[in-house]
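Residue numbers (this note's numbering), protein chains in the order written: chain A, 1 to 333; chain B, 1001 to 1344; chain C, 2001 to 2350.
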Amino acid sequence: MEKIIKKLTETYGPSGREDRIREVIKEEVSGLADEIRTDYLGNLIVLKKGTASEETRPVMLAAHMDEIGLMVTHIDKDGFLRFTNVGGVGPSRLVGARVVLPSGKKGVVFHEQLKELKELDLEKMYIDIGAENQDEARKHVTIGDIAIYDQPMVSLGNRLVAKAMDDRIGCAVLISALKELKNNHNDVYFVFTSQEEVGIRGARTSAYGLNPGLGIAVDVTMTGDTPEAKKMDVKLGGGAAIKVKDSSLITSPLVKDMMVEIAEKANIKYQLEVLARGGTDAGAIHLTREGVLAGCISIPCRYVHSPAEMVDLRDVEAAVALLGKILEEKIDF
Amino acid sequence: MLIKELTEVPGIAGREAQVRSYIKDKLVGEDLGFSLDAMGNMYARHKAGDTPHVMLASHMDEVGFMVMGYDPGGLLKFAPVGGIDLRVVVGKKVYVGEDKVLGIVGAKPIHLQKKAEQNKPFSRQELFIDIGASSEEEAKRKAKIGDQITFATRTEYINEKVMKGKAFDDRAGCTAIIEILKSKPRINLTGAFTVQEEVGLRGAGVAASNVRPDLAIVLEGTTASDVPESPEHRYSTTMGQGPAITLMDRSFLANQHLNKRVAELAEKEGIRYQFRRTNIGGTDAGRIHLVEEGIPTIGLSLPCRYIHSPVSLLNMDDLQGMIDLVKTILEDIAEGGFPLGKNY
Amino acid sequence: MDLKKFIASLSNTPGISGMEKEVSQKIVSTWETLADEVEVDTLGNVIAWRKGKNSNHPPIMIAAHQDEIGFMVNEIDKEGFVRIEPIGGIDPRLLPGQEVVIWGREKVLGIVGAKPPHLQKPEEREKAIPLDKIFVDCGEKKESLTQKIRIGDPITFNQELEWFNENVCTGKSLDDRAGVASLHQALLELKGTQPEIDIAFVATVQEEVGVRGAITSSFLLKPCLGIAVDVGFAQRPGQEKELSIEANKGPALGIGPHVHPDLFSRLQGIAVENDIPFQMEPSPHPGGTDAYAIQMSRCGVATALLSIPLANMHSPLEVIDIRDVRRTGKLLARFCLQADVEFVEGLTCL
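Structure below.
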């Protein structure tokens, strides 16, 4: 598990530029699937056929491949790069951060001289790639390139820290579930979605195409277990989190109760999640066409959207187990 | 002149009927099929046989205001429809309703303001529109609740390249579509004149659902921020440097394969272009590319200085560049060079 | 069922966004006696059909939302105090001192508490109490409380609808159960008649969290036109006159980008012909009602918006005048009986 998480989190793949991470995932799932395809938005869609003899609607699982990043908008005459955010990038998390461009060129992010820290905002920040002038910089970067955090995964025992845990950890859960999956009743589409961080876009078009009977997203969620954290009853190590609500979804009681029942029956550690802000692919899926029942299994994660996102392996394993048990069921709402 | 007349027609979101009939009049006799949907989007369809189908989309609505009520003395209370900086509206002429009743936006004169007030922008509640009515009854006869209010700006050249006017966003795009349709390209083409862009990109998704094209190109007016007090790295686009290819905005991340081809074509044809280099704002592209299973979409923008204000500036070379670039793309599709495949 | 009884029964039933089942069941059982057919879709929207003479034609959709604002249990702390997460937009200033119900494994009563004013510093007392300093006190310790309630359980205001007089009442969730009641009134008025086009009366879900039920139900129904019925701000002191409507002056006809001009004129004409009082509601921003979603569904739908005047919106003590509900229902019914294929086709004539 650790190995695949390392590989996934360290691969380049900001929103709209998921080509490389898509190839990595494709490699992992090849040989396990009945069909693999991509669509216009760049979603990777992996089908595992079910055992049902009767007509059933498929189940769609979604984990997003994309990560947040910095799009280069200007290269100044001294070779410094100005940028804008792709997804939710907080300026305070960028100061001194190391980043890498698609060309492989590395850089650091810093800010103009400020009188006060509260003046800090993205427009006052730049990427320094060590270029001496504009011409040298242009060899490594063009306008529109997207840089991402450059940070290897580290293991702290049960807990792992990496950039892009959001949501490569979800991708890892889907891949593991696919590897272990036997006897799924319904057809299951494992969808590695694109462009979640910029507004839940890939899930929307892929769900429209697949028209599933049930959708389950696997994504990270915040925790309330750090010093002076916002009140929230989710903690690292507390098990897979079954989402009750976030700003994109209020989980249908049918789906939530099914997940709780299965977790309790199989003795899988779980917690219930009420998230004030933030959305997941499940939000887009449940509003597809005439409406789709959808839920979300969340992996508790500290320091989301920083270069040091932390998850607990035991929660990840619980999520894989819960997903596996759900897929064994005959799903017919 | 097309762009002058088109920008002077009033048409806020939900009140695009006059713009629609003006456009239709200009295209009648061009052998196009016209249709209208229930939101008010208008389609002009050009057929060219067995080719891919491209949709060009520009929105007809402009930012403006709506009559909300009256005061006992016959002044109108109003509210903006679309994003307008209320600091720029005081002391401007406006037209109220489809019959273009003349009005002016007024506020308390500077003499009567306290020192501290003078530094603060007027709030909507402090502003009013005066149509010369002397009573509430007279005002009600001339202006109905819900009537549209638009700026009374005349469009004209201020030098040999640059025009001033209102509503270049996005009547300039509409002008481009009209010109391109008239050129009868060798490809199936639908000009979609959309509604309600300024109040949340509301018409374009519906338009794409109706047209279901193989490729959509959105032609938009965008901010040119190449003005004083704005550092170069914050220029979104620069006026006079050609049409801008959108990289991303709040609603849309451009497909890099399509953008690459557009840039190649511009270079090959010697058409000056730039990139739109900010992620703020949204355009119809944001809605269109997410329709159903996703529609390949390109965003092209025309740099306009002082967009969403009573008067903005547009360089006519940029507009011509946009028309030329779109024609080049269409020709490339007809030749089979364009990467239209839906799959990665 | 009589309109007044129906509205009281709806108002007193719990049903925050996403958890509308109890309300739905009441609507279904009542409308089954008035409609040709009643169904519930995937997200829980209730759809009651009155079949028309021309049943091949796409239906007219008339929508009002059945969900209400409320809260969810967010955390149960060591002492048994319950932290809450709002569902929909609520002014936290009206919360302290409210009585609520937590709908857990069993019904648990609680009151909303905050730090007593005696213990607040003078500068704290100058400020509104923010939501994160507010909690629900059920008078129980964590051990016993967690046997009854869990994270995510819904919370509603503990309010019973009451009548000030024969016409004016106050209660929770009249936004937009008053709208649902106007659909009920229309169904009552349509008894014994047959419209030209099928009518789908829809009690939508999840409006308060982003018009979600209307998005999926309008996709399902593919309506030829849609009318949303919601509530509007009844005039109260300190409110801008232009942004308010008046109680007992009839439904307000919305005018703005989300209203088709021809549909507006038709509704206005019918109101005049039938002596139904009405007022105008200019709305420059098209958001915030089911009309927003219906208009943008699939290939575009002509929509209109009717607002029932309501005071104290999104509070536990909303106030309406039942006469406005009746008039709205009557206007809807008359519209349904007059709508024909020719009118619908005219909406897309260039």
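Glycine included, every Cβ here is placed at the ideal spot set by N, Cα and C.
All figures in this text were calculated on a predicted structure; none of them were measured in a lab.
Sequence-distant Cβ neighbours of V2205(C) in its own chain, meaning closer than 6 Å and more than five residues away, are E2020, L2043, G2044, N2045, D2067, G2213.
Per DSSP, S1035(B) is not a residue of any alpha helix (DSSP H); the beta strand (DSSP E) it occupies stretches across 1033-1036.
Only Q271, L272, E273, V274, A276 from the segment 260-285 of chain A bring a Cβ to less than 8 Å from some Cβ of chain C. For L1076(B), the enclosing beta strand (DSSP E) has its first and last residue at 1076-1081.
Listed in chain order, the positions of the segment 1272-1293 of chain B with a beta carbon within less than 7 Å of a beta carbon of chain A are F1275, R1277, T1278, N1279, L1290, E1292, E1293.
For T2156(C), no Cβ of chain A is located within less than 8 Å of the residue's own Cβ.
Contact of L293(A) with chain C is assigned, a C-beta pair being separated by under 8 Å. Counting only runs that start and end inside the segment 2032-2086 of chain C, the beta strand (DSSP E) elements of at least 3 residues fall at 2037-2040, 2046-2050, 2060-2065, 2070-2076.
Judged by DSSP secondary structure, P2122(C) falls within the alpha helix (DSSP H) whose first and last residues are 2122-2125. Chain B has no Cβ within less than 8 Å of the Cβ of L2221(C). Listed along chain A is no residue with a C-beta nearer than 9 Å to that of V2028(C); the closest approach is about 17 Å. Between the segment 2195-2204 of chain C and the segment 237-246 of chain A there are fewer than three inter-stretch CB-CB distances shorter than 8 Å, so the stretches are not counted as touching. Of the candidates P2223(C), I2245(C), T2348(C), P2223(C) places its Cα closest to the Cα of A2291(C). About 7 Å separates the beta carbon of R22(A) from that of T38(A), a gap short enough to meet the 8 Å contact definition.
Here M258(A) carries a helix assignment [DSSP, helix/strand/coil].
Using a CB distance below 9 Å, the part of the segment 2294-2307 of chain C facing chain B consists of Q2295, M2296, S2297, R2298, C2299, G2300, V2301, A2302, T2303, ordered along the chain. Residues of the segment 230-243 of chain A with a C-beta atom less than 8 Å from some C-beta of chain C are K230, K231, M232, D233, listed in chain order. With respect to M2072(C), P2014(C) sits apart: the two C-beta atoms are not nearer than 8 Å. Taking 8 Å as the CB threshold, P227(A) stays off the interface with chain C. For S155(A), there is no enclosing alpha helix (DSSP H); the residue is part of the beta strand (DSSP E) that begins and ends at 154-156. Sequence-ordered contacts of the segment 2006-2022 of chain C with chain A read S2017, G2018, M2019, K2021 [C-beta pairs closer than 8 Å]. For K1026(B), the secondary structure class from DSSP, reduced to helix, strand or coil, is helix. Less than 8 Å divides the Cβ of S2011(C) from the Cβ of L2161(C). Three or more Cβ pairs closer than 8 Å define a contact, and the segment 311-329 of chain A falls short of that threshold against the segment 2186-2198 of chain C. With at least 16 other beta carbons inside 10 angstroms of its own, Y1022(B) counts as buried. Contact check for F1193(B) against R1020(B) passes: the beta carbons are separated by less than 8 Å. For S1251(B), no CB of chain C lies under 8 Å from its own CB, so it is not counted at the interface with that chain.
With respect to the 8 Å criterion, V2344(C) and S2218(C) are not classified as neighbours on the basis of their beta carbons. With a 10 Å radius around the Cβ and a threshold of 16 neighbouring Cβ atoms, N211(A) comes out exposed. Here M60(A) is not near I242(A), since their CB atoms are 8 Å or more apart. At least one C-beta of chain C is nearer than 8 Å to the C-beta of D1037(B). Rounded to whole angstroms, the separation of the alpha carbons of V316(A) and G283(A) is 22 Å. In the structure shown, T205(A) adopts helical secondary structure according to DSSP, grouped into three states. F1151(B) sits away from T1007(B), with the two beta carbons spaced by 8 Å or more. Within 7 Å of the CB of Q1018(B), no CB atom of chain C is found; the nearest one sits about 12 Å away. Scanning chain B for C-beta atoms nearer than 7 Å to the C-beta of T2348(C) yields L1036, D1037, A1038, reported in chain order.
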